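To start, the structure itself, in structure tokens.
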Amino acid sequence: MATVYLALGSNLGNRAANMRMALDTITRFIRIVEISSLYETYPEPPGQPPYYNAAAKVEAGFEPLPLVRFLQGIEAEIGRRPDLTRNGPRPIDIDILLYDDLVLESEGLAVPHPRLADRAFVLTPLAEIASGVTHPVLGKTIAELSKAMGDGGARKVEEPGWHVRPDRATTGILGRGPAV
């Protein structure tokens with residue numbers, strides 16, 4: 008099993024529900040170990056609705072390319088459609104940030120995520136659950152990268168456990184608290 012860190016973001020529709028649905032769907036084949044707080048962040052580029060962002064630590068039995076295909080399938084299920092606007096609005100976005108200490112550059116996937124160190128909206132939630140993890144290319148911890156970047160205006164809107172749906176408070180995939 009590989010330890011993988013994912014970034015989740017949504018800025019269309021019911022943002023929190025979209026992210027809960029993504030996490031619920033991920034558990035079909037992947038074990039979620041930990042989920043960060045939920046943050047609201049300014050969109051890049053400006054001129055679109057604000058995002059909700061979070062990070063998740065998962066254990067996956069997928070190799071990197073099949074994993075990215077699986078995640079893209081989840082995005083499509085939740086309503087993400089291919090568009091020509093890079094970084095445009097979307098109901099869900101799921102990115103692989105780190106996959107063990109792998110460094111991979113292939114068509115359709117780069118690990119670690121090539122813009123990880125430049126994105127406060129990713130580093131802020133990731134630092135909550137992976138502060139001591141070292142970026143395999145830059146040789147700095149996520150905490151060091153996050154501190155250098157600052158929070159970029161990220162505002163915490165929910166504490167860890169936000170993903171637990173009230174109707175699954177005692178049973179169900181997401182009803183077991185932060186580690187599912």
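Each residue of the sequence shown is one higher than the one before, counting from 8 in the working numbering.
Ideal Cβ positions, reconstructed from N, Cα and C, are used throughout, including at glycine.
Every value quoted in this text rests on a predicted model; they were computed, and no experiment measured them.
Cβ distance (whole Å) where residue i is taken to contact residue j below 8 Å
i    : j    : result
I101 : A161 : With a Cβ gap of about 18 Å, I101 and A161 do not count as contacting.
A63  : I39  : 6 Å
Y59  : A23  : 6 Å
P119 : P89  : That pair is no contact at about 24 Å.
Y55  : P121 : Correcting the residue type first, residue 55 is Gln in the shown sequence and not Tyr. 22 Å between Cβ atoms; not a contact.
L105 : V75  : In fact, because the Cβ distance is near 13 Å, the residues do not count as touching under 8 Å.
Exposure of residue i, with buried meaning 16 or more beta-carbon neighbours within 10 Å
i    : result
M26  : buried
E196 : Residue 196 is absent from the model: the chain starts at 8 and stops at 187.
P132 : buried
S113 : exposed
L145 : exposed
A127 : buried
N18  : buried
Coil, strand or helix - residue i by DSSP
i    : result
A67  : strand
A152 : According to the sequence provided, residue 152 is Leu. The question's Ala does not apply to it. Of the three classes helix, strand and coil, the one that applies to L152 here is helix, per DSSP.
I101 : strand
R162 : strand
V144 : coil
I39  : strand
L123 : helix
L91  : Because L91 carries a pLDDT of 48, less than 50, the predicted location of this residue cannot be relied on, and no value is offered for it.
Sheet register partners of residue i (DSSP bridge)
i    : result
V11  : V65, Y106
Y46  : N60, K163
G16  : N60, D100
S138 : The partner list for S138 (beta bridge, DSSP) is empty, contrary to what the question assumes.
L133 : Answer by DSSP bridge pairing: none, since L133 is not bridged.
A83  : Paired residue(s): none; A83 is not in a bridge.
Contact check, residue i vs residue j, beta carbons under 9 Å
i    : j   : result
I149 : V11 : no
K163 : L45 : yes
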